[in-house]
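Data first, discussion second: the structure below is written as structure tokens.
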Amino acid sequence: MTFLIIFLFLATIVTRILPAFFVTRLSLPEWLVTYLNYIPYAALGVLIFPGILTAVERPVYGILGAIFAAVLSFLKIPLFFIVLGSIVFVYLIML
0 MTFLIIFLFL
10 ATIVTRILPA
20 FFVTRLSLPE
30 WLVTYLNYIP
40 YAALGVLIFP
50 GILTAVERPV
60 YGILGAIFAA
70 VLSFLKIPLF
80 FIVLGSIVFV
90 YLIML
């Protein structure tokens with residue numbers, strides 16, 4: 000069991016820590032840096048979208064809440080109020 004924990008620790012260190020040392024020495028093209036900056040947003044969307052469809056009784060309520068949150072974000076509303084507003088919006092349409 001201890002051998003397995005040590006092996007998994009080493010595998011994690013090699014794949015997470017060592018690339019950080021090598022990437023700092025690389026000079027990446029600007030288009031690649033721009034592309035890599037969008038990965039967190041794509042991953043966040045993949046994590047959030049299933050919750051939108053399953054958090055409430057009917058998926059349409061979640062979709063309407065997401066649309067409401069998107070409209071608030073386009074209006075440059077602070078994030079706290081976007082979250083709070085979309086929660087209240089979904090609650091009201093579910094009544």
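For the sequence shown, numbering that gives the first Met the number 0 assigns the number 0 to the initial residue and increments by one for each residue that follows. Every residue gets a Cβ at the ideal spot worked out from N, C-alpha and C, and that includes glycine.
When the beta-carbon positions are compared, Val89 and Gly64 come within less than 8 angstroms of each other. Under the three-state reduction of DSSP output, Arg57 falls in the coil class, being neither helix nor strand. With 16 or more other Cβ atoms from the protein chains shown falling within 10 Å of its own Cβ, Ala68 counts as buried. In this structure, Leu71 sits away from Gly61, with a CB-CB distance that is not shorter than 8 angstroms. Between Val55 and Met93, the C-beta spacing is below 8 angstroms. Following the DSSP letters along the chain, one finds Arg15 inside the alpha helix (DSSP H) bounded by residues 1-15. Bounds of any alpha helix (DSSP H) do not take in Thr23, whose DSSP letter is neither H nor E.
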